[in-house]
Amino acid sequence: MKAPMLVTARLVARRLRRDGWRPVARTIAARAAATAIDTWHLAEPGLPLAESDICDSRSLFRSSPAPVPNGSLKVGWICTPPSPGSGGHTTFFRMVEEMEGRGHQCTLFLHDINDDDVRRHEETIRSYWPALRAGVRSATYGMEGVDVMVASSWPTAHVAANRAPDGVHLFYFIQDYEPYFYPHGFLYALAEDSYRLGLSNVALGEMIAEVMRTELGEPPQAVIPFGCDTATYRLVKPAAGSGRSGVVYYAKKNVDRRGYLLAKLALERFHTLHPQQEIHIYGDTVTGWKIPVTNHGNLTPAQLNVLYNQTIAGLAISFTNISLVPGELLAAGNVPVLNEAAFASGLLTDPDAVWATATPAGLATALAEVVSAPDIGLRAAAIAGRQRLDWTDSRRAFADFVESSCASVPDAAPSGSLQGGRS
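Next comes the structure, spelled out in structure tokens:
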């Protein structure tokens, strides 16, 4: 046996005697994985769009679109393939449904740099969004034949600016300030530049508008209200003798801005304060926690409403724009506990929402206070009874803006726009 191999064998034997098989096996597996990643270049960073689709707002020029005569518009909507229950896609598709309801012809253009076959994605869309009538095509094969193109994310904004035929009215439906998804670097810069590509920026909620004014020095062209599905999320009369108990959390382990690690530590602390309160997790299945939790997996909106009605409080963490969860919790009489974050409290001003310091101790203490409050049932009824905006207002505002914009003659750039992109 060669000397290095002999030394390695001795080290392995020593660790086996000291630690047993399990930690040694983990170390070997980790090193094997690292070797494979290095050998096959799996760790090489990638882009969420083709290099040829990257636009530069300072050198991109498009002819200004002509007004579209009154009547039906042909509207293309660019998005990534949706996963079942995706909140961002659900909100985007609400806008599609509104335009369809007004008689406009809609087509989804799915942007996927790894796969041009949309058949399986269309099955998901038809199953989980059955009200959607839009055609489904791959963005790869061209996006001709439309009067309007609506992007849904920074990569699709670049794709729209690069590929849309001249004369098409371009819009960007903005659900979050996406540069915040990344550390300061190339992807941050590309996401930031997506707001300068000459698309008409439509922000969902005042938080995004405020962030854009602060970070970019310019507001979006339009702001539409943040809504809630009040038809689905509502107070349900409890069964006789049953009351609310426990807390609920939506886990998204691979989306750092949703604060999974913070939530885990906060809920573990909360359990030490109130071990009798069951902790319900939906979304991603979690394992390896120090405390008992009940995993529900992915739930339908109707199932979620039942769970929200059974529980007292919900932990809703976001370090960018708030998610749909807090509003849905409130509509069901559940108290959302949110992390304090820049700009966020200006969007959700509901007096029943609880804001806490974004630390494990801060969130755990806030949850503990909510579940310890008296008259939980009466409080839930009062919370659910408050008047809330539903998505009808949001849908109408978006469709009105698109229709009026397409009917008018645009300037060199949309009025009040971040400059770039049109000539």
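Take the sequence shown: its letter number 216 is residue 277 in the numbering used here, and every next letter is one higher. We put the CB at the ideal spot given by N, CA and C, even for glycine. Please read all numbers here as calculations on a predicted model, not as lab measurements.
Pick from the options that is closest to residue i, judged by C-alpha positions
i, options, result
"Asn131", "Tyr202, Arg163, Ile378", "Arg163"
"Arg194", "His332, Cys167, Leu326", "Cys167"
"Ile139", "Pro244, Ser113, Met156", "Met156"
"Arg318", "Ala250, Leu296, Glu401, Thr361", "Glu401"
"Ala250", "Leu258, Gly259, Pro240", "Pro240"
"Asp208", "Val396, Arg457, Phe232", "Phe232"
"Pro143", "Tyr189, Tyr321, Lys325", "Tyr189"
"Gly423", "Ala324, Cys467, Ser466, Ala445", "Ala324"
"Gly307", "Pro397, Glu389, Asp290", "Pro397"
"Ser303", "Thr141, Ile373, Gly288, Asp413", "Ile373"
"Glu205", "Thr217, Phe331, Arg224", "Arg224"
"Tyr439", "Lys298, Leu376, Arg457, His357", "Per the sequence shown, the amino acid found at residue 439 is Leu instead of Tyr. If we check each option's Cα against that of Leu439, Lys298 comes out closest."
"Thr275", "Ala443, Ala403, Ala327", "Ala403"
"Leu121", "Leu322, Gly259, Ala377", "Gly259"
"Ala218", "His172, Val197, Gly196, Arg198", "His172"
Where residue i falls: helix, strand or coil (DSSP)
i, result
"Lys313", "coil"
"Gly344", "strand"
"Asn366", "helix"
"Asp254", "helix"
"Lys298", "coil"
"Ser465", "helix"
"Ile139", "strand"
"Tyr241", "helix"
"Gln166", "strand"
"Thr355", "strand"
"Ala225", "coil"
"Gly307", "coil"
"Pro475", "Here Pro475 scores only 47 on pLDDT, less than 50, and its place in the model is too uncertain to base an answer on."
"Ile373", "coil"
"Met62", "Low confidence applies here, because Met62 scores a pLDDT of 49, under 50, leaving its location unreliable; read the following figure in that light. Met62 falls in the coil class under three-state DSSP."
"Val386", "helix"
"Asp117", "coil"
"Ser125", "coil"
"Ala414", "coil"
"Arg78", "helix"
"Met204", "coil"
Classification of residue i by the beta-carbon crowding that lies within 10 angstroms, buried from 16 upward
i, result
"Val272", "buried"
"Trp485", "The structure shown does not extend to residue 485, since the chain is modelled only from 62 to 484, so the question has no answer here."
"Phe170", "buried"
"Tyr202", "exposed"
"Thr346", "exposed"
"Cys467", "buried"
"Leu365", "buried"
"Val220", "buried"
"His332", "buried"
"Gln337", "exposed"
"Ser465", "exposed"
"Thr453", "exposed"
"Pro106", "exposed"
Residue i versus residue j: straight-line alpha-carbon distance, rounded
i, j, result
"Asp117", "Asp227", "17 Å"
"Gln282", "Ser261", "6 Å"
"Asn175", "Phe459", "31 Å"
"Arg180", "Gly394", "40 Å"
"Arg257", "Arg123", "13 Å"
"Met268", "Ile285", "11 Å"
"Ala222", "Ala425", "45 Å"
"Phe380", "Leu408", "13 Å"
"Glu329", "Ala127", "58 Å"
"Asp114", "Ile383", "29 Å"
"Val463", "Ala192", "21 Å"
"Leu277", "Ile352", "44 Å"
"Thr151", "Arg78", "55 Å"
"Ser469", "Met210", "16 Å"
"Gln371", "Leu296", "10 Å"
"Ile235", "Leu399", "22 Å"
"Arg447", "Pro412", "10 Å"
8 Å contact criterion, which residue i and residue j should meet: CB distance rounded
i, j, result
"Ser133", "His165", "5 Å"
"Val309", "Leu368", "6 Å"
"Ala427", "Ala417", "4 Å"
Residue i: CB within 8 Å of a non-hydrogen atom of the ligand NAD
i, result
"Asp173", "This structure lacks the ligand NAD; in fact it carries no ligand of any kind."
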